[in-house]
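Under our numbering, residue 136 is the last one in the sequence shown; the count climbs by one each step, no gaps. In this text, a Cβ means the ideal position worked out from N, Cα and C, and glycines have one as well. First up is the structure itself, then whatever we jot down about it.
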Amino acid sequence: DAKNRLTVPRAFRAALSDGVVVAKGIEQCVAVWIPADYERFVEGALGDLNPLSPDARRLQRFFSANAVETELDAAGRIMVPGFLLEHGSLSKEVVVTGAGPCLELWDREAWATENQRLAADVIGISDALGRAG
Numbered sequence: 004d005a006k007n008r009l010t011v012p013r014a015f016r017a018a019l020s021d022g023v024v025v026a027k028g029i030e031q032c033v034a035v036w037i038p039a040d041y042e043r044f045v046e047g048a049l050g051d052l053n054p055l056s057p058d059a060r061r062l063q064r065f066f067s068a069n070a071v072e073t074e075l076d077a078a079g080r081i082m083v084p085g086f087l088l089e090h091g092s093l094s095k096e097v098v099v100t101g102a103g104p105c106l107e108l109w110d111r112e113a114w115a116t117e118n119q120r121l122a123a124d125v126i127g128i129s130d131a132l133g134r135a136g
């Protein structure tokens with residue numbers, strides 16, 4: 004809406020009732036996390052990186068500087084800061100998708116493109132991850 008709020012689907016509201024972390028997704032989307040899950044993700048993804056590596060520091064900045072804690076309001080909405088709306092190219096038509104431990108917010112057209120690409124690649128991705136172990 005005009006105040007950068009997004010209505011969370013009812014099915015997800017109970018799980019998010021204690022607050023959320025809204026953050027940049029790696030792709031052109033916005034991720035919505037339960038705070039404890041975001042902490043585990045950051046620790047798991049970034050905890051063992053070498054702090055002397057410039058790429059490690061850049062990745063840490065990407066996740067740390069681009070995450071905001073917020074709460075659902077009485078109407079079940081969350082505020083999405085402008086810089087995150089811009090990152091996801093989010094406008095009036097937003098798709099909310101499940102993505103493992105978080106939700107993702109996608110522009111409708113960007114999601115259609117990503118979902119088609121995913122459908123075309125899913126067998127190859129599954130095979131590669133299956134072999135990796």
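- Ordered list of beta strand (DSSP E) runs contained in the stretch 6–58, each at least 3 residues: Whole beta strand (DSSP E) segments, 3+ residues: 8–10, 23–27 and 33–36.
- Task: Along the alpha helix (DSSP H) that carries leucine 108, what are the first and last residues, could you check?
- Result: Residue mapping note: residue 108 aligns to position 105 of the sequence shown, counting from 1. No alpha helix (DSSP H) holds leucine 108; the beta strand (DSSP E) holding it covers 105–110.
- Just curious, the beta strand (DSSP E) that glycine 79 is in, first and last residue? Taking the sequence shown and counting its residues from 1, the one referred to as residue 79 is at position 76. Premise fails: glycine 79 is in no beta strand (DSSP E) and is neither H nor E.
- Query: What is the C-beta distance between phenylalanine 44 and proline 84, in whole angstroms, given that I count them as a contact (C-beta under 8 Å)?
  - Reply: Counting from one through the sequence shown, the residue named residue 44 turns up at place 41. Counting from one through the sequence shown, the residue named residue 84 turns up at place 81. About 19 Å; that fails the 8 Å criterion.
- Message: Excluding the 5 residues flanking asparagine 69 on each side, which residues of the same chain have their C-beta closer than 7 Å to its C-beta?
- Response: Along the sequence shown, read from residue 1 onward, the residue named residue 69 stands at position 66. Around asparagine 69: Ala26 and Lys27.
- Task: Could you spell out where the beta strand (DSSP E) holding glutamate 72 opens and where it closes?
- Result: Against the sequence shown, residue 72 aligns to sequence position 69. Its beta strand (DSSP E) spans residues 70–73.
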